[in-house]
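Mapping the sequence shown onto the numbering used here, position 220 (from 1) lands on 235, and the numbers just tick up by one.
From the three backbone atoms N, C-alpha and C, an ideal C-beta is built for every residue, glycine too.
In this text, all values refer to a predicted model and were calculated from it rather than measured experimentally.
These notes concern the structure reproduced below.
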Amino acid sequence: MYEDIQSILHEQTLVIPLINGIPFWYFYQNTTQDQIKPIKCLDADQRLIQHFPLSHLIGAVVFITATLKSHGRVESKNPYLLILGEPSHQVTPRITALQNIFTDSGIEVRISETIRDQIWTKVIANLSSNPMSVITGATLKDIYSHPYLQSITREITREVRQVAASYGARVSIDPDTFLKLGSEMGDTRTSMWYDYQKKQPLELKGIADAVIELAEHYDCPMPMTRHICDLTQYLSEQSRKI
């Protein structure tokens, strides 16, 4: 796979990983590749860093929900929005050109000079809802507003914000606003819940494991997050044994 990608990368080729969670390139800021600190749970042997030239990377946060209806058929009903940003936190001609290409195709793109802040905002949303949806089967409305669940969601939000702050990220949305926005999503179910129902591996490495690994570096306790993610992983493993 890596060799196939190498063969199509040229001087001006852009690679845009559309992934949830902390990206493997998080610590890249125009340094040479051997100076990059790897996130072990994502890229322990640094193969991603070695085979995906970081000078080609554009950071992205995806705000497009989609449902796989059948093989090769994906349905999305919400407005299309991508937030893109250079890992160097600069606004470059290439990212402006990329914005124009997406805009012409009907996808709104906002350029961020602080893409890591945007990544943490999405991580908080994912980590406070996805694992909970697997454990409880609840919709986003209930996860963020039901009295039995809201206190757990609020604590996870607080814990992740603390980790984000430890790495200098600024999350502009406060916990109360997060809960309000989440509850307004209505009877929507998370993508992780759908994966669990299909007995597919869950997207926990980037969404959960990477955050916990980063938290350990600064001794940030995350007891609630750890408990919820452990339960989620257990349920996932058990479901795939049946």
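I'd like to know whether the C-beta atoms of residue i and residue j end up nearer to each other than 7 Å.
i	j	result
ILE171	THR240	yes
VAL106	ILE126	yes
ASN35	GLY197	no
ILE167	SER144	no
PHE67	VAL30	yes
GLY74	ILE130	yes
LEU83	VAL149	no
ALA179	TRP208	no
VAL319	LEU33	The question about residue 319 has no answer here: the residues shown for the chain are numbered 16 through 257.
GLN177	CYS244	no
To which residues of the same chain is residue i closer than 7 Å at the C-beta, ignoring the five residues directly before and after it?
i	result
TYR233	SER181
SER91	ILE79, THR80 and ALA81
HIS283	As displayed, the chain neither begins before 16 nor continues past 257, which places residue 283 out of reach and without an answer.
TYR95	ILE79, GLY121, ILE122 and GLU123
CYS56	LYS220, ASP224, ALA225 and GLU228
ASP58	PHE39 and ILE64
Note down, in chain order, each residue of its chain lying with its Cβ closer than 6 Å to the Cβ of residue i, except the 5 sequence neighbours on either side.
i	result
ARG255	LYS214
GLY201	LYS156
ARG185	ASP132
THR205	SER144, ASN145 and SER148
Beta-carbon within less than 8 Å of residue i's beta-carbon, same chain only, minus the 5 sequence neighbours each way: which residues are those?
i	result
ILE54	ILE37, PHE39, TYR41, PHE42, ALA225, GLU228 and LEU229
ALA153	MET147, HIS161 and LEU164
SER187	ASP132 and THR136
CYS118	Looking at the sequence provided, one finds Thr at residue 118 rather than Cys. Cβ neighbours of THR118 beyond the five flanking positions: VAL124.
Grab the span of the beta strand (DSSP E) containing residue i for me, first residue to last.
i	result
SER85	82-85
VAL226	First-last for VAL226: 225-232, but that is the alpha helix (DSSP H), not the beta strand (DSSP E).
The alpha helix (DSSP H) with residue i in it runs from where to where?
i	result
ILE130	130-151
GLY197	190-198
ILE122	No alpha helix (DSSP H) holds ILE122; DSSP gives it neither H nor E.
GLU101	No alpha helix (DSSP H) contains GLU101, which DSSP labels as neither H nor E.
GLU26	No alpha helix (DSSP H) holds GLU26; DSSP gives it neither H nor E.
VAL178	162-181
GLN248	238-254
List the residues that DSSP assigns as beta-bridge partners of residue i.
i	result
GLY74	GLY100
GLU90	THR82
With three or more beta-carbon pairs closer than 8 Å as the criterion, would you say the region 134-142 touches the region 106-118? no
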